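Protein chains in written order, with numbering that gives the first Met the number 0: chain W, 0 to 292; chain D, 0 to 496.
Even glycine gets a Cβ: it sits at the ideal position worked out from N, Cα and C.
All values reported here derive from a predicted model rather than from experimental measurement.
Accompanying notes for the structure given below.
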Amino acid sequence: MRDDWWIYLFLLPTVVGYGLYTVYPLVASWWYAFLDWPGFADVGTFIGFANFELLWADDLFWNSFRNSLVFLAIAVPLRVGLALLLAIVLNRRSTPFRGLFRTLLFLPVVTTGAIVGVVFTLILDAGGPVNLALVKSALVDSPVDFLGSSGMSLYSVIGVWVWKWLGITLIYWLAALQTIPNELYEAARIDGAGNWKEFRYVTLPLLLPFLVVITLIDMVGALNVFDLVMTLTGGGPAFSSEVVEVYIYRTAFGATVPQLGYASAAAVLFGLLTMALAIAQALGIRAARRAMA
Amino acid sequence: MSTSTTPRPSRRQLLRTAGGLALGLPLLNACTGGGQSAQNAGADPTDASGPITVNWWDHFRPLTELFEKKLFVEYHRKHDNVSVKRRQLDPADLGQALQLARRSKQLPDVHSTAGLSGSVAALVTNGWFHPIGDFVDLGNSPMKDHLYDGIHRFDGKVYTFPVFSGRWHDSTTWVNSALAKQAGLDPEQSPATWDEYRATVRTLDQKTPDSVHGLLLPMKDTDYLGGKLTAFAQMAGAPGQTDWKTGEISVASEPFLQAMEFLLALKADGVLHPASSSLGPRDARARWAAGEAALFPWGPWFIGGLMVEESPAVKRGISAWQIPAPSTQRGTVYVAPASGSFFVSDQAKNPKVAADVLFQMTTPEFAAQLATRMDQPPILIDSVDKADVHPAYKKNVAFFQQDVRIGPVPEVRNGGVAKALAEMRDVHPSPGEIVQAVLTGSTKDYKTALQQYADKATKERKRAIDAAKKKGAEVSEDDWIFGNWQPGQDYTQASYK
Numbered sequence: 000m001r002d003d004w005w006i007y008l009f010l011l012p013t014v015v016g017y018g019l020y021t022v023y024p025l026v027a028s029w030w031y032a033f034l035d036w037p038g039f040a041d042v043g044t045f046i047g048f049a050n051f052e053l054l055w056a057d058d059l060f061w062n063s064f065r066n067s068l069v070f071l072a073i074a075v076p077l078r079v080g081l082a083l084l085l086a087i088v089l090n091r092r093s094t095p096f097r098g099l100f101r102t103l104l105f106l107p108v109v110t111t112g113a114i115v116g117v118v119f120t121l122i123l124d125a126g127g128p129v130n131l132a133l134v135k136s137a138l139v140d141s142p143v144d145f146l147g148s149s150g151m152s153l154y155s156v157i158g159v160w161v162w163k164w165l166g167i168t169l170i171y172w173l174a175a176l177q178t179i180p181n182e183l184y185e186a187a188r189i190d191g192a193g194n195w196k197e198f199r200y201v202t203l204p205l206l207l208p209f210l211v212v213i214t215l216i217d218m219v220g221a222l223n224v225f226d227l228v229m230t231l232t233g234g235g236p237a238f239s240s241e242v243v244e245v246y247i248y249r250t251a252f253g254a255t256v257p258q259l260g261y262a263s264a265a266a267v268l269f270g271l272l273t274m275a276l277a278i279a280q281a282l283g284i285r286a287a288r289r290a291m292a
Numbered sequence: 000m001s002t003s004t005t006p007r008p009s010r011r012q013l014l015r016t017a018g019g020l021a022l023g024l025p026l027l028n029a030c031t032g033g034g035q036s037a038q039n040a041g042a043d044p045t046d047a048s049g050p051i052t053v054n055w056w057d058h059f060r061p062l063t064e065l066f067e068k069k070l071f072v073e074y075h076r077k078h079d080n081v082s083v084k085r086r087q088l089d090p091a092d093l094g095q096a097l098q099l100a101r102r103s104k105q106l107p108d109v110h111s112t113a114g115l116s117g118s119v120a121a122l123v124t125n126g127w128f129h130p131i132g133d134f135v136d137l138g139n140s141p142m143k144d145h146l147y148d149g150i151h152r153f154d155g156k157v158y159t160f161p162v163f164s165g166r167w168h169d170s171t172t173w174v175n176s177a178l179a180k181q182a183g184l185d186p187e188q189s190p191a192t193w194d195e196y197r198a199t200v201r202t203l204d205q206k207t208p209d210s211v212h213g214l215l216l217p218m219k220d221t222d223y224l225g226g227k228l229t230a231f232a233q234m235a236g237a238p239g240q241t242d243w244k245t246g247e248i249s250v251a252s253e254p255f256l257q258a259m260e261f262l263l264a265l266k267a268d269g270v271l272h273p274a275s276s277s278l279g280p281r282d283a284r285a286r287w288a289a290g291e292a293a294l295f296p297w298g299p300w301f302i303g304g305l306m307v308e309e310s311p312a313v314k315r316g317i318s319a320w321q322i323p324a325p326s327t328q329r330g331t332v333y334v335a336p337a338s339g340s341f342f343v344s345d346q347a348k349n350p351k352v353a354a355d356v357l358f359q360m361t362t363p364e365f366a367a368q369l370a371t372r373m374d375q376p377p378i379l380i381d382s383v384d385k386a387d388v389h390p391a392y393k394k395n396v397a398f399f400q401q402d403v404r405i406g407p408v409p410e411v412r413n414g415g416v417a418k419a420l421a422e423m424r425d426v427h428p429s430p431g432e433i434v435q436a437v438l439t440g441s442t443k444d445y446k447t448a449l450q451q452y453a454d455k456a457t458k459e460r461k462r463a464i465d466a467a468k469k470k471g472a473e474v475s476e477d478d479w480i481f482g483n484w485q486p487g488q489d490y491t492q493a494s495y496k
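This is the structure in C-alpha cells:
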C-alpha cells in the first residue's frame with residue numbers, strides 16, 4: 000500500500016464522484032421512499048410503507064412500468080439484432096466503403112439525446128420529410144401521426160432510440176467478431192460450409208458470451224430514455240409513451256404539490272422489479288446453457 | 000566530458016508526481032479563493048453601500064427588453080452599486096430550476112413562480128419567501144387596493160403584490176389577418192357563437208392554399224387543453240371547475256360536456272393543423288407565425304411573444320377574436336384575483352435591495368411601460384388605453400373587461416384552506432389530460448372520464464381536508480361554498496366579509 004498509494008490517489012476522483020452522484024442519491028432515495036415529502040417543504044415526515052401501498056394501487060405507475068417493459072422487449076432485440084447483422088456485413092473485407100458506413104452509423108451516438116428528440120419532432124411531423132415521402136410514394140393516403148397518436152407514440156420513440164444508439168452496439172459486435180479466428184472460417188469452407196452454415200456453426204456459438212454482455216448493456220441503456228421521451232412526446236398522448244423515468248419526473252417535479260417521497264418510492268419499486276427480472280433472466284440463461292451442455 | 004550523477008526519475012515516479020500536482024492544485028485554489036474578487040466574499044449583506052448583485056429569474060419572455068434595458072438600467076442609474084442579473088426560462092424549466100436551486104441553497108434573490116403549480120400559501124407556509132412589507136411602503140402605493148389576504152398577505156405580512164391584472168383568459172383567437180382577407184373574411188369581425196366559429200374556420204381552411212390550415216390546437220400541453228375546456232365551459236354557463244353555489248366539482252356538468260363536444264367538432268371538421276397533436280403552445284405559435292394556420296387560441300401575451308423573435312408576423316397583420324359562446328347568450332369567464340408575480344426568496348442575500356427593485360414596478364409609469372410589452376395586461380389597467388400598443392392587443396383587453404369576472408377564492412376567506420390544498424395530490428387523468436386523450440383518439444367516453452375525475456377529485460379534497468385537520472387546520476368542505484356569489488359579477492374584497 001505504501002508503494003502503491005498513488006494508484007489510490009488517481010482512483011480518488013472517480014470514487015468520490017461516483018459516490019456523490021450515484022451511490023449517495025441511490026441510497027438516499029431508499030430513505031426518501033418512506034417519507035411524505037411535499038416538494039415545497041425542506042424535510043419529509045416518516046410514513047412507513049404508505050407510499051408503496053399507494054403506488055401498488057396506482058394505475059399510472061403500472062402503465063409506465065408496462066411501457067418500460069414494452070420498450071425493453073422491442074427496442075433491445077431490435078438494436079442488438081440489427082447491429083449484429085450490420086456488423087457481419089461491415090466486417091467482410093469485400094464490403095465497399097466499410098469505414099464510411101461505420102462512421103455514418105456511429106455519428107448519431109455522439110449527438111445529444113434531447114437534441115435528437117427535438118429534431119425528430121420535425122422529421123416525424125405531419126409535414127416533415129418522412130410523411131412527405133410516405134404520402135408521395137402512395138404508401139399512405141394521409142400523414143401518419145407518429146408522435147401524437149397513442150397507438151404509435153411509444154413505437155416511434157423506440158425507432159428513434161434504436162437509430163440513435165445502433166452505432167455503439169455495432170462497435171461492440173465488430174470487436175466481438177474480431178475475436179473469431181479466421182482459421183475456423185477457413186476450416187469451415189474447406190468442409191464445404193456456405194455463408195449460413197458459417198454463421199450458424201462458427202460465428203454464433205462463439206458470439207454467445209458477447210450476446211449476453213451486449214444485451215445487458217443495451218438493456219441498461221433502454222432504461223435511460225428520459226431525454227428522448229420528454230422531447231419527442233412528453234410521455235403522451237394520454238400517457239401512452241410515459242415510461243417509468245418520466246412518471247417519476249412528473250410526480251417529483253410536475254405535480255401541483257411535488258411528491259418527492261412518492262417519486263422516490265416509484266424509483267425504488269421499479270429498481271426492485273427490474274432486479275427481479277434481471278435475476279430471472281440470468282437463471283433462465285444458466286438453465287438454457289445447462290440444457291445445451 | 001562530465002556525466003551527471005543525479006538519478007533521473009522513473010516514469011512511474013513522474014506519473015506519481017504529476018498526479019499529485021493535478022489533484023492538489025484545485026484544493027490549493029479553493030483554499031486561497033482562486034483569485035476571485037472580494038466583491039461578495041467580504042461584503043456585508045446588510046450594507047447596501049457595497050457592490051450588490053440581485054439575481055432575478057422569471058419566465059416573462061416578452062418583458063426581456065423592459066426589464067433588462069429599462070427597469071434594471073434605471074435602477075442602476077439611481078443606485079450605481081446595484082446590478083440586476085436576469086435569467087429567463089420557460090415556465091416548466093423555471094419550476095424545476097427553482098426546486099433544485101432551493102435544495103442547493105442557490106435560489107435567486109427575486110423570482111416568479113411559474114412552474115411551481117402549488118398555491119402561494121403553501122410556498123409561504125414552507126418558508127420560500129421573504130416578506131417585503133417592512134422594506135417597502137405598499138400601503139401608500141397604487142397597489143394598496145389590490146392586496147388580498149391569502150394571496151399577497153399572510154398573517155399580516157405582505158409577501159408580494161400583483162403586477163399584472165387577473166382579468167384575462169388564454170382562449171382569445173389570434174387571427175392571421177392576411178389569410179382571413181384572402182378567404183374573403185373580415186379579420187376584425189369575431190364569430191360570436193360556436194356554430195359561426197366552426198363555419199368561419201372551415202371557410203379559412205377551404206379558401207386558403209392547401210399548405211395552410213384553419214386552426215392550430217396544440218395538444219401536447221394538457222394545461223393548455225384544460226384551460227380551453229374550462230373557458231369554453233364557462234362561456235356555456237359553468238362557474239368553473241368548482242360550482243361556488245354548492246362547492247361541488249362540476250367538470251362533468253352539462254356546460255363541460257358541451258365544451259368537449261365543441262372541441263371534438265372542430266377536430267371532426269378537419270380544420271386542425273395536422274401537427275397539432277405533437278405541438279406545445281410555443282411551437283404552435285411559431286407555426287402560426289410561419290403562416291401554416293390562420294387561427295391560434297392563446298393568451299394576451301401572444302403579440303408580445305411574437306415581437307421578441309417573430310415580429311414580421313405582427314407586421315403582416317394580426318387581429319383578436321372574442322371567445323365564442325354556444326349561443327348569443329354569453330357566459331362569463333371567472334378567474335381568481337391577480338396573484339403576485341414576483342417574490343423575494345428567503346435565501347436572498349439582500350432582501351431589502353431586492354424588495355426595492357421590485358417596488359419600482361408599482362408606479363403608473365412602469366404600468367404604462369408594461370402595457371407596451373403586450374404581455375398579460377398590467378394591474379393598473381387604465382394604462383393600456385394610454386399606451387402605445389397594437390390595436391389587436393387593446394381590443395383583446397377590452398374583450399376581457401366584458402367577459403371576465405373575478406371569482407371567489409376559498410383560501411382568502413379561510414387561511415386553513417391553503418393547508419388543505421398543500422395536502423392535495425393531483426388526480427389523473429385531469430380534465431386537460433382527458434381532452435388530450437379524446438382529441439388524440441385514445442378514449443371516446445369523455446362523459447365517464449369527466450365524471451370519474453369529479454368523483455376522485457371530491458374524494459381527494461375530502462382526504463386532504465381530513466389530513467389538514469389532523470395537523471391542526473380549521474377547514475371543511477363548506478369553505479368551497481360561497482352563498483353570496485352572484486354569477487356575472489366580481490367577487491370583491493368586500494364580498495368576503
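query = Considering W/L68, what are the terminal residues of the alpha helix (DSSP H) in which it resides?
reply = D58 to N90
ask   = Given that a residue counts as buried once 16 or more other Cβ atoms are within 10 Å of its Cβ, and exposed if not, what is D/T491?
value = exposed
ask   = Which residues share a DSSP beta bridge with D/V333?
value = For the record, residue 333 of chain D in the displayed sequence is Tyr; it is not Val. D/R404, per the DSSP bridge assignment.
inquiry  = Against W/T120, what residues of chain D qualify as contacts under a CB-to-CB distance less than 7 Å, listed in chain order?
reply    = S277
Boundaries of the alpha helix (DSSP H) in which W/F198 is found, first to last residue = Careful: W/F198 lies outside any alpha helix (DSSP H) and carries neither H nor E.
key: Distance between D/V200 and D/G126 (C-alpha atoms, nearest Å)   = 49 Å
request  = Consult DSSP for D/N125 and reduce its assignment to one of helix, strand or coil.
outcome  = coil
ask   = Hey, out of W/G166, W/Y246 and W/R199, whose CA is closest to W/L222's CA?
value = When each option's Cα is compared against that of W/L222, the closest is W/Y246.
task = With DSSP collapsed to three states, give me the class of D/P469.
result = A small correction: the amino acid at residue 469 of chain D is Lys; Pro does not occupy that position in the sequence shown. DSSP places D/K469 in helix when its eight states are reduced to three.
message = Please classify D/R460 as buried or exposed, where buried requires at least 16 other C-beta atoms within 10 Å of its C-beta.
response = buried
Nearest neighbour of D/T447, chosen from D/A235, D/G269, D/F153 and D/S252 [CA to CA] = D/S252
inquiry  = Distance cutoff 8 Å, beta carbons only. Does W/F39 sit that close to anything in chain D?
reply    = yes
key: Bridge-paired residues (DSSP) for D/H212   = Looking at the DSSP output, D/H212 shares a beta bridge with D/A292.
query = Taking DSSP as the reference, what is the three-state secondary structure of W/L173?
reply = Residue state, collapsed to three classes: helix.
ask   = With respect to the beta strand (DSSP E) encompassing D/T52, which residues constitute its N-terminal and C-terminal limits?
value = I51 to D57
Burial state of W/R285, where buried means 16 or more other Cβ atoms lie within 10 Å = exposed
ask   = D/A179: beta carbon under 7 Å from a heavy atom of the ligand GDP?
value = Looking at this structure, you won't find the ligand GDP or any other ligand, since it has none at all.
Alpha helix (DSSP H) segment containing D/Q257, residue limits = Judged by DSSP secondary structure, D/Q257 falls within the alpha helix (DSSP H) whose first and last residues are E253 to A267.
inquiry  = On the CB-based measure, 16 or more other CB atoms within 10 Å of its CB, does D/M306 come out buried or exposed?
reply    = buried
ask   = Mind listing which residues of the segment 410-428 of chain D have their C-beta closer than 9 Å to chain W's C-betas, in chain order?
value = L420, A421, E422, M423, R424, D425, H427 and P428
key: Beta-carbon neighbours of W/D140, restricted to chain D and to distances below 7 Å   = The contacting residues do not exist; W/D140 stays about 13 Å from chain D at best.
request  = Please confirm whether D/A417 and D/A121 have their CB atoms less than 8 Å apart.
outcome  = Going by C-beta atoms, D/A417 is nearer than 8 Å to D/A121.
ask   = Under 7 Å Cβ-Cβ, which residues of chain W neighbour D/A435?
value = Correcting the residue identity first, residue 435 of chain D is Gln in this sequence and not Ala. Here the neighbours are G235, P236 and A237.
Given W/A158 as reference, the closest of W/F64, W/V42 and W/A72 once Cα atoms are compared = Looking at the sequence shown, residue 158 of chain W is not Ala but Gly. When only C-alpha atoms are compared, the closest one is W/A72.
query = Any idea if W/S93 is buried or exposed, counting beta-carbon neighbours within 10 angstroms, 16 or more meaning buried?
reply = With fewer than 16 Cβ atoms within 10 Å of its Cβ, W/S93 is classed as exposed.
ask   = Interface residues of chain D around W/L83 at Cβ under 8 Å?
value = Correct list: empty, because the minimum Cβ distance to chain D is about 33 Å.
query = Does W/Q258 get closer than 8 Å to chain D when you measure Cβ to Cβ?
reply = yes
ask   = alpha helix (DSSP H) containing W/I46: first to last residue?
value = Counting along the chain, W/I46 sits inside no alpha helix (DSSP H), nor does DSSP assign it H or E at all.
ask   = Helix, strand or coil for D/A319 per DSSP?
value = strand
ask   = If you drop the 5 nearest sequence neighbours on each side, which residues of the same chain put their C-beta closer than 7 Å to that of D/D242?
value = S249
task = For the beta strand (DSSP E) containing D/V174, list its first residue and its last residue.
result = Residues T171 to N175.
ask   = At which residues does the beta strand (DSSP E) containing D/P328 begin and terminate?
value = The sequence shown places Gln at residue 328 of chain D, rather than the Pro named in the question. Segment: none, D/Q328 is in no beta strand (DSSP E) and carries neither H nor E.
task = Mind listing the chain C neighbours of D/K227? Cutoff is C-beta to C-beta under 7 Å, in chain order.
result = Given the protein chain composition of this structure (W and D), no chain C is represented.
task = Leaving aside the five residues before and after W/L205 along the sequence, list all residues of the same chain whose C-beta is less than 6 Å from its C-beta, in chain order.
result = I179
ask   = Which chain D residues are close to W/G43, counting only those with a beta carbon under 8 Å from its beta carbon?
value = Within 8 Å Cβ-Cβ: nothing; W/G43 doesn't reach chain D, min ~12 Å.
inquiry  = By the DSSP assignment, the alpha helix (DSSP H) with D/K77 in it spans what residues?
reply    = F71 to K77
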